[in-house]
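Asker:
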Amino acid sequence: MHDDEQHMYEVAYPAPAVRSNADDASGPTLVIAMHGYADAGMAVETSADHLQAALDARQLVSFNADELIDYRSRRPAATINTDQPVSIDDPRLGIQVLRDNAGQSFLLLSGPEPDMRWDAFTDAVADLAEKFGVRNTICLYAAPMPTPHTRPMVVTGHGSSELTKRMVTMDSTMIVPGSASLYIERELADRGRNVAGFTAHVPHYLASSPYPHATFHLLESVKAAAGLEFPLGSLERDMERVNEQLAEQVTESDEVYQVVGQLEEQYDAFMEQYRQRHPQAVMPGEENMPSGEEIGEEFQRFLAALDAGKAGDVGNTGDSGINFLGGSDGQERGGDSHRDDDHWDDDNGQGHVRDEG
1 MHDDEQHMYE VAYPAPAVRS NADDASGPTL VIAMHGYADA GMAVETSADH LQAALDARQL
61 VSFNADELID YRSRRPAATI NTDQPVSIDD PRLGIQVLRD NAGQSFLLLS GPEPDMRWDA
121 FTDAVADLAE KFGVRNTICL YAAPMPTPHT RPMVVTGHGS SELTKRMVTM DSTMIVPGSA
181 SLYIERELAD RGRNVAGFTA HVPHYLASSP YPHATFHLLE SVKAAAGLEF PLGSLERDME
241 RVNEQLAEQV TESDEVYQVV GQLEEQYDAF MEQYRQRHPQ AVMPGEENMP SGEEIGEEFQ
301 RFLAALDAGK AGDVGNTGDS GINFLGGSDG QERGGDSHRD DDHWDDDNGQ GHVRDEG
């Protein structure tokens with residue numbers, strides 16, 4: 001560790017196991033969900049909060065807020081009680097190891113976007129990604145867009161084709177304000193790593209309020225790209241509640257009704273043009289059906305299993321999630337949370353911290 005990094009972060013000791021098991025040859029996925037930039041509908045912050053609440057999370061890396069955060073630009077909330085010590089919600093920026101519903105581990109970088117030292121922070125995150133053998137990195141964003149809430153949510157992807165294949169992409173060059181996440185994207189790409197950004201298109205008239213639809217579809221996109229399983233039932237219930245509220249507001253206002261109608265026409269026209277340009281893309285609201293290549297690969301595995309005399313295993317979905325004998329490989333397990341501490345190999349999970357210097 002460089003001297004500069006000694007003051008920037010600490011790695012937990014003993015550190016939680018990063019890989020799902022000792023025989024796991026592929027590295028984990030790193031999901032970056034820092035709030036403070038491009039977070040319409042609070043979708044990015046809520047995505048991190050939902051994963052931390054629904055899954056077992058173990059702290060891996062803690063960044064030093066004094067090195068990265070300008071407290072005057074984002075003053076932390078302080079609670080003053082008559083005869084009690086003052087309590088302050090200190091900003092927490094760090095990386096955690098989480099396990100999904102299937103017991104597969106992944107990393108989550110969350111917390112407030114740094115105000116300072118972006119270059120040093122970017123180098124630190126990229127070095128940590130290499131240290132822990134990260135295979136894929138996905139950065140989450142949410143932007144206010146002229147799209148109606150009455151149409152399927154659009155999540156566009158940019159970056160590595162391995163992570164964005166069959167996603168909707170923006171067929172244009174855009175100039176946007178920079179962010180720490182975008183710096184990390186550039187650095188990881190320069191190092192030859194798989195990295196992509198997923199952006200939820202939030203109706204601009206809902207951008208300042210929590211919008212669970214954006215959170216849900218961001219996490220669904222991560223599931224599809226990284227092969228992870230997240231419990232999303234509570235978000236679906238939140239979506240139903242918000243849909244009811246929005247339906248009431250639209251019916252009560254002719255002006256709102258007309259605006260939404262115009263946005264629907266623009267949305268439908270854009271999607272039709274996009275379908276003509278990209279006939280193989282999975283459009284918003286459509287089921288992500290396997291491609292012909294994926295079906296062919298699964299069929300080859302099916303035949304290989306027969307040849308090897310493993311007819312009892314022919315229903316196994318393999319890596320593609322396709323099951324020729326029916327059924328689903330991605331069902332949620334009993335509610336919104338699945339935690340299995342037996343998978344953790346972190347010497348009883350104590351939260352001790354040491355300076356890696």
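First residue of the sequence shown: 1, per full-length UniProt numbering; consecutive thereafter. Even glycine gets a Cβ: it sits at the ideal position worked out from N, Cα and C.
What are the partner residues of M34, as DSSP defines its beta bridges?
Answerer: G111
Asker: Determine the direct distance from the alpha carbon of S160 to that of K223, and round the result to whole angstroms.
Answerer: Each residue's alpha carbon lies about 16 Å from the other.
Asker: Closer than 6 Å: is that where the CB of E286 sits relative to any heavy atom of the ligand GDP?
Answerer: Absence of the ligand GDP is noted for the structure shown, with no ligands found whatsoever.
Asker: At a cut of 8 Å, does the segment 194-214 reach the segment 115-124 through at least three beta carbon pairs?
Answerer: no
Asker: Which residue's Cα is closest to the Cα of S55: D254, H149, L107?
Answerer: Note that residue 55 is Leu in the sequence shown, not Ser. Considering only alpha carbons, the answer is L107.
Asker: Does the segment 147-166 come within contact of the segment 195-207, defined as at least 3 CB pairs closer than 8 Å?
Answerer: Three or more pairs of CB atoms, one per stretch, sit closer than 8 Å, so the segment 147-166 contacts the segment 195-207.
Asker: Can you tell me which of S105, P28, A281, A43 puts its alpha carbon nearest to the alpha carbon of M170?
Answerer: It is A281 whose Cα lies nearest to the Cα of M170.
Asker: In the DSSP assignment, find the beta strand (DSSP E) that holds F270 and state where it starts and stops.
Answerer: Run containing F270: none in the beta strand (DSSP E); it sits in the alpha helix (DSSP H), 254-277.
Asker: Just mark S270 as buried or exposed, buried being the case when its beta carbon has 16 or more other beta carbons within 10 Å.
Answerer: One detail in the question is off: residue 270 reads as Phe in this sequence, not Ser. Exposed: under 16 other Cβ atoms inside 10 Å.
Asker: Closest to P177 by CA distance: which of A38, Y9, A15 is it?
Answerer: A38
Asker: Could you spell out where the alpha helix (DSSP H) holding M47 opens and where it closes?
Answerer: The identity of residue 47 in the sequence shown is Ser, whereas the question assumes Met. 43-54 is the span of the alpha helix (DSSP H), which, as asked, contains S47.
Asker: Since I69 and A78 should fall inside the 8 Å C-beta cutoff, what is the C-beta to C-beta distance between them, to a whole number of angstroms?
Answerer: That pair is no contact at about 15 Å.
Asker: Between the Cα of H204 and those of N194, L228, A142, D254, spot the shortest distance and give me the residue it belongs to.
Answerer: A142
Asker: Using 7 Å as the threshold, is the C-beta distance between residue 359 and P148 below it?
Answerer: One cannot answer for residue 359 here, as it falls past the ends of the chain, which runs 1 to 357.
Asker: In the DSSP output, which residue or residues are listed as bridge partners for R99?
Answerer: S105
Asker: Assuming contact is defined by CB atoms lying nearer than 7 Å, are L60 and Q104 in contact in what I supplied?
Answerer: no
Asker: Looking only at its chain, what residues have a beta carbon closer than 7 Å to the beta carbon of T150, apart from the 5 residues adjacent to it on each side?
Answerer: V260, E264
Asker: Please state the DSSP three-state secondary structure of H213.
Answerer: helix
Asker: Give me the Cα-Cα distance between Q84 and Q52, rounded to the nearest whole angstrom.
Answerer: So the two alpha carbons sit approximately 29 Å from each other.
Asker: Just how far apart, CA to CA, sit A43 and T82?
Answerer: 36 Å
Asker: For M116, which of A126, M239, Y183, P16 has the nearest alpha-carbon?
Answerer: Of the listed residues, the one whose Cα sits closest to M116 is Y183.
Asker: For T173 and Y13, I'd like the C-alpha separation in whole angstroms.
Answerer: 44 Å
Asker: Pull up the CB-CB distance for V134 and L30, whole angstroms please, since I reckon it's below 8 Å.
Answerer: 5 Å
Asker: What residue does the beta strand (DSSP E) around T147 start on, and which one ends it?
Answerer: T147 -> no beta strand (DSSP E), and no H or E assigned at all.
Asker: Under DSSP, the beta strand (DSSP E) around Y9 begins and ends at which residues?
Answerer: 9-12
Asker: To which residues of the same chain is V202 closer than 6 Å at the C-beta, ignoring the five residues directly before and after it?
Answerer: A40, G41, A142, P144, Y211, A214
Asker: Shortest alpha-carbon distance to A126 belongs to which of A180, A247, A57, H35?
Answerer: For A126, the nearest C-alpha among the options comes from A180.
Asker: For R193, count the other beta carbons within 10 Å of its own beta carbon; 16 or more makes it buried, fewer makes it exposed. Which is it?
Answerer: buried
Asker: Can you name, in chain order, every residue of its own chain whose Cβ lies under 6 Å from the Cβ of P152, other than the five neighbours on each side?
Answerer: P284, G285
Asker: Beta strand (DSSP E) containing R58: first to last residue?
Answerer: 57-63
Asker: Return the residue from the list V168, T46, N64, S47 that minimises the CA-CA distance to H7.
Answerer: Comparing C-alpha distances from H7 to each of V168, T46, N64, S47 shows the shortest one belongs to N64.
Asker: Tell whether a beta-carbon distance below 7 Å holds between G36 and S62.
Answerer: no
Asker: Give the C-beta separation of S110 and A48 to the nearest angstrom, bearing in mind that I take them to be a contact with Cβ-Cβ under 8 Å.
Answerer: Going by Cβ atoms, the distance from S110 to A48 rounds to 4 Å, so yes, they are a contact pair.
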